[in-house]
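Have a look at the structure below, then the notes.
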């Protein structure tokens with residue numbers, strides 16, 4: 001039943017229709033800021049020495065199909081998930097225990113943990129903690145199931161991206177569905193497109209409102225004399241996805257009238273200061289372009305420092321510690337970042353032993369907890385005592401699994417029959433850096449057409465991942481929740497071969513959805 | 001007095017301020033569609049075979065200064081100018097007489113005139129005519145004058161461009177002046193910037209409203225059975241300035257809910273049809289991407305066919321005739337395009353002989369006519385009987401003049417001491433293709449800094465040209481005016497050396513203004 005919905009979608013395009021859609025989307029994307037800086041493989045540095053060129057973000061020509069029940073469930077559970085990860089972050093001992101094993105084998109985790117310990121020893125001066133989250137799912141559609149179910153792929157607690165561009169893709173597809181006004185003909189007619197529209201996508205408003213809530217909750221300046229306040233976006237050098245971030249700062253500036261500045265992670269220690277004479281440790285930002293001016297940072301929003309490659313030297317760790325010990329509300333704190341490790345997801349999903357999920361959601365009704373639990377795919381550690389090792393090393397059972405690094409952030413997964421071989425090729429002491437997850441089966445017949453950033457158009461079978469955004473502001477000292485919201489979503493669509501360790505001829509695109 | 005205002009503006013930038021402004025403007029432009037497709041000299045075709053790359057439009061870092069009285073006068077006179085050019089267009093005999101001399105020496109004018117004659121012979125089926133105009137001025141500031149005066153450079157009756165991007169530059173400079181909210185520090189403090197803002201710039205709204213008025217005035221479909229109606233944008237191939245045009249079509253679609261399609265001038269005859277069985281000759285558009293669908297074109301908006309290079313073969317002239325004989329309202333008609341030739345401007349400015357200006361503005365009070373006349377720079381034909389020849393051939397008087405081709409569209413001007421030499425190098429029979437215009441003296445001390453499309457930043461003395469947009473819809477049969485509006489403006493700023501036939505290291509940028 002479900003498969004037949006996908007098998008006839010999207011409608012076929014003749015060459016004139018394809019040319020029209022590609023041209024229209026290409027121009028629309030550039031006109032409306034649905035853009036990225038081109039990759040160095042597309043535009044070499046010497047061909048654009050000043051870095052002025054931009055190109056359309058990779059986008060699908062059609063919105064993808066997504067089961068309505070799964071979409072509604074993902075939205076309904078987002079504030080519960082927000083609360084869950086806030087509660088985990090508040091339980092430092094629990095996180096410490098989970099991380100214990102990893103600290104030996106993983107410098108990155110170990111260094112993050114050290115940042116936390118150092119600040120803890122000195123004493124945190126800011127109890128408020130802000131999370132801008134994205135929970136990623138697939139519509140699990142195994143061939144033997146009567147209807148698809150929602151399964152979580154991962155939960156992002158740091159630098160959750162694409163909210164800005166995702167809203168724009170939704171606008172793009174919505175406009176195409178209604179273009180021209182009164183007589184829509186941009187898409188060929190199709191029963192799933194006629195009189196159907198993507199759901200609203202207030203990702204930008206939601207994420208900006210989360211940041212604004214933290215800004216307001218920070219309260220008045222802690223400096224003497226009082227300084228004007230601002231939000232800082234801490235960003236990577238040569239960020240290609242800058243326009244995604246600028247969509248949020250534009251909203252903060254326009255709708256909330258809050259000053260926002262961008263600071264490169266490598267320049268944090270050059271332009272921000274903490275005066276140790278002030279025990280509150282307000283974080284002072286001194287804009288290099290206005291040297292006589294100072295702002296006090298209410299909220300430090302990290303769009304960097306999420307991956308080991310972001311820490312090139314000891315100075316980067318110093319910068320992270322500097323932010324962490326300041327009075328600025330961190331989005332996220334080190335503890336909240338650690339809570340997003342895949343190992344946490346795996347421990348929550350464990351079917352034996354203590355019920356961590358129920359503990360962290362102690363104020364929540366059992367039915368809701370069950371619904372959250374139903375989104376977990378079975379996953380295992382690779383300790384000698386559990387089931388994971390057996391499932392991973394046996395070729396037959398490995399075929400239904402994926403091996404993921406326990407840290408957040410994709411790209412290094414090992415799939416199916418490659419798992420046993422891979423594990424045997426590394427020392428057994430390294431195994432604890434991995435978790436084994438049962439494969440989620442997205443609809444096998446799903447197809448789409450994508451316009452890449454270099455203008456190539458590719459079509460084929462795809463795998464779609466739905467992310468739902470949520471924001472939560474809480475008091476880390478007592479667990480009190482100040483604000484907990486959900487809103488906005490992201491559809492990311494990849495060529496199927498890419499996700500299975502395949503060839504680079506594929507694509508990964510921003511997408512939107514129509515529900516069925 | 002005036003000069004001293006310019007001499008201290010814009011404020012100096014240290015390297016950090018400049019870096020901040022350039023980076024901010026570069027990103028803002030790309031995020032907000034203030035972009036162009038890069039020139040082939042910047043990005044070679046083989047480096048972007050699919051044509052997806054875009055870059056910031058060339059823009060100034062600061063708004064330029066402009067005398068408030070001149071700006072207000074330009075706005076106040078725009079509807080009078082609209083009316084003037086509509087009246088000229090209605091006087092076919094007058095235009096014919098003016099063109100008479102040129103038809104012999106100028107194939108382009110001659111061919112345009114033939115299109116008109118052919119359609120006239122068959123009989124026009126559409127009396128409504130739409131003008132989207134831009135009147136271009138400088139603030140004339142000769143060293144001996146106590147205050148600047150407004151002098152017209154040219155009046156554009158076809159493809160008046162940059163309304164879309166100009167509004168965006170105004171938004172950019174306005175945002176910078178107020179950034180961040182509450183504590184503006186994007187620009188260094190300067191008495192002419194503090195608490196000063198560019199005037200509102202509703203160019204997009206005004207131009208789109210003009211097109212929408214024509215669309216509505218066209219009335220119901222003239223086809224049987226009735227067809228849905230649309231506006232057609234007729235455009236050039238490889239248009240680098242496409243995003244300027246898309247700003248208008250977006251406004252038409254979003255604010256007016258009018259279908260808009262783009263058709264290449266080379267494909268007009270492939271995708272539009274006139275069924276000769278219908279004496280009203282409605283123009284039918286058949287979208288190639290939806291072959292079963294037809295729209296009736298209410299308004300043909302030309303962003304092509306303004307220059308000889310737009311007519312590559314006889315087929316292009318057929319396409320122009322095809323549009324002209326259709327029932328679509330033309331923006332502009334051939335006659336209206338011809339009314340925009342520089343020779344018309346020169347004849348209006350003649351100080352001897354019949355008072356053409358007063359004749360065309362017969363319903364207008366004398367004071368207003370005088371104000372229009374005051375915007376004319378002295379200009380002359382080069383006939384043997386007039387003053388023009390003498391002024392042009394004498395080196396001393398030539399120094400205060402510029403020689404311009406009598407057709408619209410710049411780029412081929414001859415300046416000052418080069419004039420006598422140039423005239424003597426061409427046959428005297430060719431002289432009638434040129435008009436001589438007294439030089440307008442923009443403020444000599446005006447300076448600005450520009451970010452080019454390739455990211456280079458240049459600063460120096462500049463010449464600014466202010467354009468004011470107007471729209472008029474009238475009945476060509478009886479001269480009745482249906483709608484006459486002004487709104488929106490353009491500041492274009494060029495490096496001074498460029499305008500004086502100088503080197504290509506200069507720049508020509510989109511700009512905005514602050515009034516003084």
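Protein chains in written order, with the UniProt record's numbering: chain W, 1 to 516; chain V, 1 to 516. Every residue, glycine too, gets a C-beta built ideally from N, C-alpha and C. Bear in mind the structure is a predicted one, so any value in this text is a computation, not a measurement.
DSSP three-state assignment for residue i, whether helix, strand or coil
{"i": "residue 134 (chain W)", "result": "strand"}
{"i": "residue 140 (chain W)", "result": "strand"}
{"i": "residue 502 (chain V)", "result": "Any reading at residue 502 (chain V) must be qualified, since the residue scores a pLDDT of 40, below 50, and its modelled position is unreliable; the value itself is stated next. In this structure, residue 502 (chain V) counts as coil in the three-state DSSP scheme."}
{"i": "residue 236 (chain W)", "result": "coil"}
{"i": "residue 216 (chain W)", "result": "helix"}
{"i": "residue 296 (chain V)", "result": "strand"}
{"i": "residue 376 (chain W)", "result": "coil"}
{"i": "residue 85 (chain V)", "result": "helix"}
{"i": "residue 117 (chain W)", "result": "helix"}
{"i": "residue 152 (chain V)", "result": "strand"}
{"i": "residue 452 (chain V)", "result": "coil"}
{"i": "residue 356 (chain W)", "result": "helix"}
{"i": "residue 90 (chain W)", "result": "helix"}
{"i": "residue 509 (chain W)", "result": "strand"}
{"i": "residue 483 (chain W)", "result": "strand"}
CB contact below 8 angstroms: residue i versus chain V
{"i": "residue 235 (chain W)", "result": "no"}
{"i": "residue 246 (chain W)", "result": "yes"}
{"i": "residue 195 (chain W)", "result": "no"}
{"i": "residue 456 (chain W)", "result": "yes"}
{"i": "residue 276 (chain W)", "result": "no"}
{"i": "residue 183 (chain W)", "result": "yes"}
{"i": "residue 212 (chain W)", "result": "no"}
{"i": "residue 480 (chain W)", "result": "no"}
{"i": "residue 271 (chain W)", "result": "no"}
{"i": "residue 290 (chain W)", "result": "yes"}
Residue-level contact to chain W via CB, residue i, 8 angstroms cutoff
{"i": "residue 31 (chain V)", "result": "yes"}
{"i": "residue 527 (chain V)", "result": "With chain V covering only 1 through 516, there is no way to say anything about residue 527 (chain V)."}
{"i": "residue 153 (chain V)", "result": "no"}
{"i": "residue 264 (chain V)", "result": "no"}
{"i": "residue 225 (chain V)", "result": "no"}
{"i": "residue 484 (chain V)", "result": "no"}
{"i": "residue 191 (chain V)", "result": "no"}
{"i": "residue 53 (chain V)", "result": "yes"}
{"i": "residue 20 (chain V)", "result": "yes"}
Contact set for residue i: own chain, Cβ-Cβ below 6 angstroms, skip 5 residues either direction
{"i": "residue 444 (chain V)", "result": "none"}
{"i": "residue 454 (chain V)", "result": "42"}
DSSP bridge partner residues for residue i (one or two, in chain order)
{"i": "residue 331 (chain V)", "result": "V:301"}
{"i": "residue 464 (chain V)", "result": "V:493"}
{"i": "residue 66 (chain V)", "result": "V:515"}
{"i": "residue 443 (chain W)", "result": "DSSP output for residue 443 (chain W) lists no bridge partner at all."}
{"i": "residue 434 (chain W)", "result": "W:405"}
{"i": "residue 285 (chain V)", "result": "V:272 and V:295"}
Residues of its chain near residue i, where Cβ-Cβ distance is below 8 angstroms and the 5 sequence neighbours each way are ignored
{"i": "residue 265 (chain V)", "result": "234, 235, 236, 237, 304, 305, 310, 316 and 319"}
{"i": "residue 395 (chain W)", "result": "417 and 420"}
{"i": "residue 85 (chain V)", "result": "131, 133, 155, 157, 336, 339, 340 and 472"}
{"i": "residue 122 (chain V)", "result": "325"}
Proximity test, residue i beta-carbon vs the ligand GDP heavy atom, cut-off 7 angstroms
{"i": "residue 286 (chain W)", "result": "No copy of the ligand GDP occurs in the structure displayed, which carries no ligand at all."}
Contacting residues, own chain, Cβ-Cβ under 7 angstroms from residue i (five flanking each side not counted)
{"i": "residue 126 (chain V)", "result": "327, 328 and 329"}
{"i": "residue 242 (chain W)", "result": "37"}
{"i": "residue 434 (chain W)", "result": "382, 403, 404, 405 and 406"}
Is it a yes or a no for the region 160-178 of chain W touching the region 192-208 of chain W, going by three-plus beta-carbon pairs under 8 angstroms?
yes
Three Cβ pairs or more, each shorter than 8 angstroms: is that satisfied between the region 457-466 of chain W and the region 61-81 of chain W?
yes
Would you check if there are 3 or more beta carbon pairs closer than 8 angstroms linking the region 129-137 of chain V to the region 276-292 of chain V?
no
Counting Cβ pairs closer than 8 angstroms, one from the region 249-262 of chain W and one from the region 204-222 of chain W, do we hit at least three?
yes
At least three beta-carbon pairs within less than 8 angstroms, the region 343-361 of chain W to the region 371-386 of chain W:
yes
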